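K.L.:
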Amino acid sequence: MEKIATFIYSKSRLIIVIVAVLNIVALASFFRFQLDTDFLSFFTAGNPKAEEFDRLNEKYQIGEAISVLIEQDNSLLDKKNLQNVFRLQEDIEEIEGISQVRSFIPSEISVRGHIFQVDEKKHILQGTIVGILHTGVIFFLLSLFLGSPDLYQAFYMRQESIYVGLLFFGLLYTPIELVLSVVMQMFSRRNEYEADRFAAETIDDPCSLVDALKE
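FYI, full-length UniProt numbering numbers position 126 of the sequence shown as 126, with every residue one higher than the one before it.
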């Protein structure tokens, strides 16, 4: 184990470079990431699923059930479209004789608004970047601590040991991590509140977001 630890320490710079390259490759995939609504929620114009829905609806339709097919293009739904979809549901529910509305827009549309805002504001990408920077800070401080003879002298160690260095680093890094974790939590909560605010304002009904999250 000591040979492995010594090897890792001697190749620490190379390891940091490899980790950084792997993170950059993983990060690059987020530039191609986009929100894709599933077919149970929205049908695009000309989608074969829409034709299949028509056939099933014609075959199994019973009573006075009313089916509404909403067609959207392949672009992401913006705030205006989300509001229109939500209000359409409300308008259908108010029609006399309609006792229940079952559409391809779920009652949790406010949650979809939340997810849409997360994608629109690149919160996932931001979180990934913050996580990479956080990891970089840890490795940088670790390299400074393990390469410093003063660290071992401070604990009255006559010989430098990788194992002991890691133990001492863990003890000394704890208060630093406490401060960094508070900053990271503040950043994370700010993004969450921003997405929640967008969803609540989009449908003009914050309570529906609360109910959807409880479910």
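Just so it is clear, CB atoms sit at the ideal spot from N, CA and C, and this is done for glycine as well. Bear in mind that the values here come from a model prediction, so they are computed numbers and not experimental data.
For a minimum of 4 consecutive residues, which ranges assigned as the alpha helix (DSSP H) are wholly contained in the UniProt domain "Peptidase M48" (122-213)?
P.N.:
Listed in chain order, the complete alpha helix (DSSP H) runs (minimum 4 residues) inside the UniProt domain "Peptidase M48" (122-213) are 123-146, 149-154 and 162-203.
K.L.:
Touching or not, the region 110-129 and the region 169-176, by the rule of three or more beta carbon pairs under 8 Å?
P.N.:
no
K.L.:
Measuring straight from C-alpha to C-alpha, what distance separates R190 and G165?
P.N.:
As a position in the sequence shown, residue 190 is number 190, starting the count at 1. As a position in the sequence shown, residue 165 is number 165, starting the count at 1. Cα to Cα, R190 sits roughly 36 Å from G165.
K.L.:
Do F169 and L142 count as a contact pair if the criterion is CB distance below 9 Å?
P.N.:
Here residue 142 corresponds to residue number 142 of the sequence shown, with the count starting at 1. Here residue 169 corresponds to residue number 169 of the sequence shown, with the count starting at 1. Between L142 and F169, the C-beta spacing is below 9 Å.
K.L.:
In chain order, what residues of the same chain have a beta carbon less than 6 Å from the beta carbon of F145, not counting five sequence neighbours either side?
P.N.:
For this step, residue 145 is matched to residue 145 along the sequence shown. Residues L151 and F169 of the same chain have their beta carbon placed closer than 6 Å to that of F145, with the five preceding and five following residues left out of the count.
K.L.:
Where does F198 land, buried or exposed, given buried means 16+ other C-beta within 10 angstroms?
P.N.:
The residue you call residue 198 lines up with position 198 of the sequence shown. Around the Cβ of F198, a 10 Å sphere holds 16 or more other Cβ atoms; the residue is buried.
K.L.:
Less than 9 Å between the C-beta atoms of V118 and A195, yes or no?
P.N.:
For the purposes of this step, residue 118 is identified with residue 118 of the sequence shown, where counting begins at 1. For the purposes of this step, residue 195 is identified with residue 195 of the sequence shown, where counting begins at 1. Against a cut-off of 9 Å, the Cβ pair of A195 and V118 comes out as a contact.
K.L.:
Excluding sequence positions up to five away, which residues of its chain have a Cβ less than 6 Å from the Cβ of G136?
P.N.:
In the sequence shown, counting from the first residue as 1, residue 136 sits at position 136. Excluding sequence neighbours, G136 sits near nothing in its chain.
K.L.:
Check whether the Cβ atoms of V19 and F139 sit closer than 9 Å, and answer yes or no.
P.N.:
The sequence position of residue 19 within the sequence shown is 19, counting from 1. The sequence position of residue 139 within the sequence shown is 139, counting from 1. Result yes, Cβ atoms of V19 and F139 sit closer than 9 Å.
K.L.:
Just to confirm my understanding: we take D36, look at its own chain, exclude 5 residues before and 5 after, and list those with CB closer than 7 Å. What are they?
P.N.:
To locate residue 36, count along the sequence shown from 1; it is residue 36. At D36, the pLDDT of 38 sits below 50, so the modelled position is not reliable; the number obtained from the coordinates is stated separately. Closer than 7 Å at the Cβ level, and outside the excluded window around D36, lies no residue.
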